[in-house]
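Accompanying notes for the structure given below.
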Amino acid sequence: MKTVVLLFHPHLDQSKVNKALADAAEKKDNVTVRNMYDLYPDFKIDIDAEQKVLEGVDRVVFQFPTYWYSTPALMKQWEDDVLTHGFAYGSKGKALAGKEFVVATSTGADSENYTRGGDDHYWLSEFYRNLQDTAKLINMKYARPFFVFNAEHITDDALKRQAQRYADYISQDSPLKVLGPLQTEADYALPEL
Numbered sequence: 001m002k003t004v005v006l007l008f009h010p011h012l013d014q015s016k017v018n019k020a021l022a023d024a025a026e027k028k029d030n031v032t033v034r035n036m037y038d039l040y041p042d043f044k045i046d047i048d049a050e051q052k053v054l055e056g057v058d059r060v061v062f063q064f065p066t067y068w069y070s071t072p073a074l075m076k077q078w079e080d081d082v083l084t085h086g087f088a089y090g091s092k093g094k095a096l097a098g099k100e101f102v103v104a105t106s107t108g109a110d111s112e113n114y115t116r117g118g119d120d121h122y123w124l125s126e127f128y129r130n131l132q133d134t135a136k137l138i139n140m141k142y143a144r145p146f147f148v149f150n151a152e153h154i155t156d157d158a159l160k161r162q163a164q165r166y167a168d169y170i171s172q173d174s175p176l177k178v179l180g181p182l183q184t185e186a187d188y189a190l191p192e193l
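With full-length UniProt numbering, the residue at position 33 of the sequence shown is 33, and numbering never jumps.
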């Protein structure tokens with residue numbers, strides 16, 4: 001499986017978690033990490049180049065920090081510009097059909113915050129239902145996401161383990177588990193690799 005990681009972090013130089021994840025992923029032979037804020041600091045996205053990248057892979061990973069319960073601004077701009085009618089969806093938009101779609105995100109808060117009884121009131125996976133529906137619209141397979149919680153306080157050892165786990169997960173040769181729209185939060189838990 002050929003995998004591209006589209007890394008959307010506006011301050012990667014200040015990142016502990018996303019930088020570690022990206023560095024671990026880059027060490028895998030079949031994974032390419034693209035730092036989107038380095039490529040497009042002015043938000044002027046080369047649509048043709050991005051679409052060619054997508055056409056040449058089997059798995060697309062959207063890696064980003066959770067900002068205000070959402071994605072960084074460039075990621076939304078990228079979606080609007082690149083996932084166009086006739087390319088990604090519509091009667092002739094089949095370029096991404098059958099490819100895997102993975103969300104990989106980090107949060108500053110711990111996992112208990114992202115529960116029904118927690119401070120944030122919802123499971124983290126619920127904040128990204130829009131991405132799951134996007135995958136469905138563009139005929140991609142929405143695979144089990146990869147979450148790293150507690151980014152502000154994660155220990156170096158725990159981060160090293162998570163980074164390796166992430167790299168191993170997204171670089172698997174076998175297909176990833178695909179999630180449907182009515183999965184429970186337990187279905188989002190990544191099994192030990």
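Where a beta carbon is used, it is the ideal one built from N, C-alpha and C, also for glycine.
Helix, strand or coil at residue i [DSSP, three-state]
i	result
Leu54	helix
Met1	coil
Lys76	helix
Pro191	Residue confidence is low: Pro191 scores 47 on pLDDT, short of 50, so the model does not pin down where it sits. No coordinate-derived value is stated.
Glu152	coil
Tyr89	strand
Gln144	Note that residue 144 is Arg in the sequence shown, not Gln. Reduced to three states, the DSSP call for Arg144 is coil.
Tyr40	coil
Leu179	coil
Ala22	helix
Gln172	coil
Ala158	helix
Leu83	coil
Asn130	helix
Lys104	Residue identity differs from the one stated: residue 104 is Ala in this sequence, not Lys. Correct three-state label for Ala104: strand.
Beta carbon of residue i nearer than 8 angstroms to that of residue j
i	j	result
Lys2	Val60	no
Ala143	Leu21	no
Integer Cβ distance of residue i from residue j, believed to fall under 8 angstroms
i	j	result
Phe101	Ala135	4 angstroms
Leu83	Ile138	6 angstroms
Inter-stretch contact at 8 angstroms, needing at least 3 Cβ pairs: the region 95 to 107 / the region 41 to 49: no
At least 3 beta-carbon pairs within less than 8 angstroms: the region 26 to 38 vs the region 169 to 176: yes
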